[in-house]
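Residue numbers (UniProt numbering): 1 to 235.
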């Protein structure tokens, strides 16, 4: 899919970096492995917590600062996310929790690397190509457990090409225009949007908790984005 988009764009040569590829691989592999022993809500909280701390810490070191309304917005968004994901979760296994935290740090690194990309589509394509041999090597210990289900394989291909490949290219295009603080905060919307998509597409029930927490998260993000001092030039 990424090759096709490159051809349509008129750019036939992928770019990317080995560091970008490694952080992409580390995120995907650690994410998949950790979720073998984590509940969905617990894993999401650990992942986004690590992403937030890493990107906010990076932004702080680069001189970015939040004040007043932006701080309130961030706290509101984080509180809403915790209220959405925390109920019903159990304490995670230490090892799996640590792996998911590493996944979050890797994704934050991959996102921050994207701020330097001159061609998001070419960078994403190159990063994915470089990550393939890493993933193949990491999969060797699990070869005896390998099995193929047609529907599962079809869903995996669709997810990889559209949701991941194209989605990551779009993210690389967007993050160049965002400060690290804004980029970190915006990502808090992912679990909320996924939940709302489940309501709209899969017919899942819209609960009061989902509605209120969604308003809290999206409203908090809106407050952060309204702070003009967090424009791209700060990072």
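We put the CB at the ideal spot given by N, CA and C, even for glycine.
Coarse secondary structure for residue i, derived from DSSP in three states
| i | result |
| --- | --- |
| residue 99 | helix |
| residue 224 | helix |
| residue 207 | coil |
| residue 238 | Summary: the structure shown does not reach residue 238, with the chain confined to residues 1 through 235, and so no result is reported for it. |
| residue 65 | coil |
| residue 111 | helix |
| residue 117 | coil |
| residue 189 | helix |
Residues of its chain near residue i, where Cβ-Cβ distance is below 7 Å and the 5 sequence neighbours each way are ignored
| i | result |
| --- | --- |
| residue 183 | 55, 111, 175 |
| residue 37 | 93, 96 |
| residue 33 | 99 |
| residue 189 | 217, 218, 221 |
| residue 172 | 114, 117, 120, 123, 124 |
| residue 264 | Residue 264 falls outside the range modelled here, since the chain spans only 1 to 235, and no answer is possible. |
| residue 206 | 199 |
| residue 69 | 223, 226, 227 |
Enclosing alpha helix (DSSP H) for residue i [first to last residue]
| i | result |
| --- | --- |
| residue 33 | 18-34 |
| residue 140 | Where residue 140 is concerned, there is no enclosing alpha helix (DSSP H), given that its DSSP letter is neither H nor E. |
| residue 148 | Neither: residue 148 is in no alpha helix (DSSP H) and is coded neither H nor E. |
Residue i at chain C interface by Cβ criterion, 7 Å
| i | result |
| --- | --- |
| residue 29 | The question asks about chain C, but that chain is absent: this structure has only one protein chain. |
7 Å Cβ cutoff met for residue i and residue j
| i | j | result |
| --- | --- | --- |
| residue 77 | residue 221 | yes |
| residue 80 | residue 213 | yes |
Close-in-space but distant-in-sequence residues of the same chain around residue i (CB under 6 Å, 5 per side omitted)
| i | result |
| --- | --- |
| residue 24 | 110, 127, 131 |
| residue 26 | 106 |
| residue 204 | 198 |
| residue 30 | 99, 102, 103 |
| residue 191 | 44 |
| residue 21 | 127, 130, 131 |
Nonlocal neighbours in the same chain, by C-beta distance under 8 Å from residue i, ignoring five residues either side
| i | result |
| --- | --- |
| residue 66 | 74, 181, 224, 227, 230 |
| residue 135 | 25, 28, 29 |
| residue 215 | 80 |
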